[in-house]
Amino acid sequence: MRLLDLFLVLLSRIVHNVLSADYMDVRYKALNPGLQAAKSIQPAPPGYIPVAVLILNLEQDNLGATHVQHFNNLLKSIYSSSKGTPIYLLLITDEESRQSIENVVLSSLGKFVAEPVIRSSRTSKQLTSTLPTLSVQLVDIESITEPHREAIDEMKLYFSMGKGDRTETLEDGSTHRFVYKYFQDLFFLAPFYPEEFLNLKRLIVLD
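When the letters of the sequence shown are read in order and numbered with the numbering used here, they come out as residues 883 to 1089.
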């Protein structure tokens, strides 16, 4: 077969699978779009392992590309290393990063399904059966931070000190230096997971 003919065959196969309902279903079935409050997250389905990941700042020029790459690597690891255990993946994020996260999840799922099609005679319907069972929920970080704003701000006074890029004088006259990297809300979430994820009995959190 000539190179051009081979290319056309591969291209038609990709287009067929990309446009097929089976291919689209497997992506959108895995992702529940839109932000949810932590309290509204339902219990993990039977047999699923609940795993939470903090993923924010995807729109920042200096950090966004790096965070997206790390997130892609995480998803690729889940897809390629899964032994069949279903995962209830909770992505803790904000509205600013939500669309980027949804795009990455859908794109990575699509890539995982489409790439083997190029190298295999199997259809997308046959390939989707090899995907790890995944349920992705997006959790609004503010639903965790805002009910505990006073406590979080108090914790920052004690756990964000050191040489940093901001100095503040408190009411008692003492001066504190804050490291911005460790001054963001996302570093102070852990104590409040039990109070906000009310429907989860256990949770693995990855950073």
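For each residue, glycine too, the CB sits at the ideal point set by N, CA and C.
All of these numbers come straight from a predicted model, not from anything done at the bench.
Would Phe994 pass as a contact of Ser962 if the rule is Cβ separation under 9 Å?
Position 112 of the sequence shown, counted from the first residue, corresponds to residue 994. Position 80 of the sequence shown, counted from the first residue, corresponds to residue 962. In contact: Phe994 and Ser962 (Cβ atoms closer than 9 Å).
By DSSP's criteria, Leu971 is part of a beta bridge. Which residues make up the other side?
One-based indexing of the sequence shown puts residue 971 at position 89. Answer is Val933 and Val1018.
The segment 925-936 / the segment 1077-1084 touching (three or more Cβ pairs under 8 Å)
yes
Tell me whether the segment 977-993 and the segment 948-963 touch, counting them as touching only if at least three CB pairs, one residue from each stretch, are closer than 8 Å.
yes
So Lys1038 and Phe1070 are supposed to be a Cβ contact under 8 Å. How far apart are they, rounded?
Looking up residue 1038 in the sequence shown gives position 156. Looking up residue 1070 in the sequence shown gives position 188. At roughly 7 Å, the Cβ-Cβ gap stays under 8 Å, so Lys1038 and Phe1070 are in contact.
Among the candidates Leu972, Phe1041 and Glu1032, whose CA atom is the shortest distance from the CA of Lys921?
Along the sequence shown, read from residue 1 onward, the residue named residue 921 stands at position 39. For Lys921, the nearest C-alpha among the options comes from Leu972.
Mapping DSSP to helix, strand and coil, what is Glu1050?
Counting from 1 along the sequence shown, the entry for residue 1050 is found at position 168. Note: Glu1050 maps to strand in three-state DSSP.
Evaluate the contact criterion for the segment 928-939 versus the segment 970-987: three or more CB pairs, one atom per stretch, below 8 Å.
yes
Grouping DSSP H, G and I as helix and E and B as strand, with all else coil, what is Gln924?
Within the sequence shown, residue 924 is the residue found at index 42, counting from 1. Of the three classes helix, strand and coil, the one that applies to Gln924 here is coil, per DSSP.
Taking Cβ positions, are Asp1022 and Gln918 nearer each other than 9 Å?
The residue you call residue 1022 lines up with position 140 of the sequence shown. The residue you call residue 918 lines up with position 36 of the sequence shown. In this structure, Gln918 lies closer than 9 Å to Asp1022 by Cβ.
Beta-carbon proximity of Leu1085 to Leu956, cut-off 9 Å
The count along the sequence shown starts at 1 and reaches residue 1085 at position 203. The count along the sequence shown starts at 1 and reaches residue 956 at position 74. No, they are not a contact pair.
Give the straight-line distance between the Cα atoms of Phe953 and His1030, rounded to the nearest whole angstrom.
Translated into positions along the sequence shown, residue 953 becomes position 71. Translated into positions along the sequence shown, residue 1030 becomes position 148. Taking the straight line joining both Cα atoms gives about 27 Å.
Based on DSSP bridge pairs, tell me the residues matched to Leu1088.
As a working mapping, residue 1088 is identified with position 206 in the sequence shown. DSSP, once it has assigned bridges, lists Val935 as partnering Leu1088.
Going by CA-CA distance only, name the one from Ile969, Ile931, Glu1036 and Glu1028 that's closest to Leu1052.
To locate residue 1052, count along the sequence shown from 1; it is residue 170. Nearest C-alpha to Leu1052: Glu1036.
Between Arg909 and the rest of its own chain, which residues show a CB-CB distance below 7 Å, the 5 nearest in sequence each way excluded?
As a working note, residue 909 is residue 27 in the sequence shown. Closer than 7 Å at Cβ, skipping near neighbours: Leu988, Leu991 and Gly992.
Tell me the rounded alpha-carbon separation between Tyr1040 and Ala934.
Locating residue 1040 in the sequence shown gives position 158, counting from the first residue. Locating residue 934 in the sequence shown gives position 52, counting from the first residue. In a straight line, the C-alpha of Tyr1040 is about 26 Å away from that of Ala934.
Can you check DSSP and say which residues form a bridge with Asn914?
Working through the sequence shown from its first residue, we reach residue 914 at position 32. Answer is Gln1019, bridged to Asn914.
Quick one: Cα of Ala864 to Cα of Ser1056, how far?
Since the first residue shown for the chain is 883 and the last is 1089, residue 864 is missing from the structure and cannot be characterised.
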